[in-house]
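Numbering-wise (my numbering), the sequence shown opens with residue 700 and increments by one. Here's the structure, in C-alpha cells; my notes come after.
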Amino acid sequence: MEQLTIGVDIGGTNFRIGTVDAAGNVFDFESHSSAMFRKEDAAEVLAHVILGYMERYAVRGRVRGIGVGVPAVVSRDKRLVRSAPNLPGFDSLALPELLEAQLCLPVFLDRDVNLLLRSDIDTLRLDADKTILGFYVGTGFGNAIYLDGRFYAGKNGAAGELGHIPMLDLTETCSCGNVGCCEVRCSGRALEQLARQLFPETPVRQVFAKHPDHPALERFVRDLAVPIAAEINILDPDCAVLSGGVLGMPGFPRAVLLAAIHAHVRKPYPATGLDLRFAEPSPTSGVRGGGMLARALLAQTGSRGAYAVQAVYEKRESS
Ligand SMILES: [Zn+2]
700 MEQLTIGVDI GGTNFRIGTV DAAGNVFDFE SHSSAMFRKE DAAEVLAHVI
750 LGYMERYAVR GRVRGIGVGV PAVVSRDKRL VRSAPNLPGF DSLALPELLE
800 AQLCLPVFLD RDVNLLLRSD IDTLRLDADK TILGFYVGTG FGNAIYLDGR
850 FYAGKNGAAG ELGHIPMLDL TETCSCGNVG CCEVRCSGRA LEQLARQLFP
900 ETPVRQVFAK HPDHPALERF VRDLAVPIAA EINILDPDCA VLSGGVLGMP
950 GFPRAVLLAA IHAHVRKPYP ATGLDLRFAE PSPTSGVRGG GMLARALLAQ
1000 TGSRGAYAVQ AVYEKRESS
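Below you can see the structure in the form of C-alpha cells.
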C-alpha cells in the first residue's frame, strides 16, 4: 500500500492541508481561515482539525507522518515555535511534540517559506546540492536561504528575515516594531496601501493589469529588487527563485523586476550568469513542501518523529 504524508501550511490568513504522495502530488486539498488558531489552545485546535481531516478522507491508516509550516521563527532543532506575531496562539509552543501526543504520528516543523522553497526546488528541478535563495512577496516579504544543500536557520532560527533589513531614509514603523524595515515598502501590505490611495476603484489584484504604466507601481517593483539584490550580493547563489502572491498578480511586470535586480547586482560577479527563476505561486505549494519535509525526515529518523529530529539537525551541523 502506498505510503502518504500530510502537509499543513498555517499562514497568517489561510490554513491549508492536503495529502502528498511519493511523487509530490497533492490531493484532498482543503483551505480554511487561520482565525481558529488565534486563541490560546491553538495546538489542540490544530490536532482536532488534522484528526477530522484524516477521518473525512479515510487516510489515517496510510499516513506515515505530517509536515507543518508556520509563519514564525522556528528553533534550530525544529521543535519549538519561537515567535509567531501573526498567530500568537502558537508562540513558544513545542508544537511537534504536542501534536504527536494527540495524533500518534511523527510530526515535523519548519518555517513556511522553507516549505515553499523545498517545493519549488523540486518543481523547477533545481540541483539540491547547490545554494538557492527563495524570495516570496506575499502579505509580507518572505525569504528562504538554502546554502550548499541545506536550509540555513541561524542561531535562533531567525535567519532570512530579509523583510526587516533597515533601509536608508525610511521613517515608517514596521509591523515588527522597528523603524525603516524594507517590508514597509516591499510587501503586499505596502502594495495594498498604495493601491487604496491611488486606485480606490481597482481591486488590488488587478492594479498591475489596469494601470500598467503608473510610475508609482513601477517604483514599487523597482524597490522589491533592492533587498533581493542585496542578498544575492552577499551569498552569490547558484539560483534565486522569485515567487509569492504579488509576483503572481495579473500583469505584474516581471521584466521590470528582473532589470532592476540586474541593475543592483554587482558586476561582473555575481551578475554574470545569474540564474533567476519565477515560480508560479500556488495555494498547494506549502502543503506539498510539508509533505515532502515529512517524507525526507522520516527517511532519516526511521519514523521516530520530533524526538529524533534534533539528532538529525545536530548531526548535520557537525558533519
Ligand atoms: Zn520589521
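Where a beta carbon is used, it is the ideal one built from N, C-alpha and C, also for glycine.
Using the three-state DSSP reduction, which class does residue i fall into: helix, strand or coil?
i, result
"residue 977", "strand"
"residue 933", "helix"
"residue 946", "coil"
"residue 832", "strand"
"residue 787", "helix"
"residue 839", "coil"
"residue 1000", "helix"
"residue 939", "strand"
"residue 752", "helix"
"residue 717", "strand"
"residue 703", "strand"
"residue 796", "helix"
"residue 711", "coil"
"residue 743", "helix"
"residue 776", "coil"
"residue 859", "coil"
"residue 811", "helix"
"residue 766", "strand"
"residue 849", "strand"
Are residue i and residue j close, meaning C-beta to C-beta below 8 Å?
i, j, result
"residue 940", "residue 976", "yes"
"residue 926", "residue 861", "yes"
"residue 990", "residue 836", "no"
"residue 762", "residue 769", "no"
"residue 919", "residue 957", "no"
"residue 808", "residue 767", "yes"
"residue 729", "residue 717", "yes"
"residue 746", "residue 786", "no"
"residue 813", "residue 771", "no"
Among the options, whose alpha-carbon lies nearest the alpha-carbon of residue i?
i, options, result
"residue 887", "867, 857 and 841", "841"
"residue 949", "901, 769 and 820", "901"
"residue 789", "958, 740 and 757", "740"
"residue 794", "866, 813 and 773", "773"
"residue 838", "805, 954, 947 and 915", "947"
Next on the checklist: Which residues end up in the neighbourhood of ligand 1 when you take C-beta atoms closer than 5 Å to any of its heavy atoms?
Outcome noted: The filter returns 863, 873, 875, 877 and 880, in chain order.
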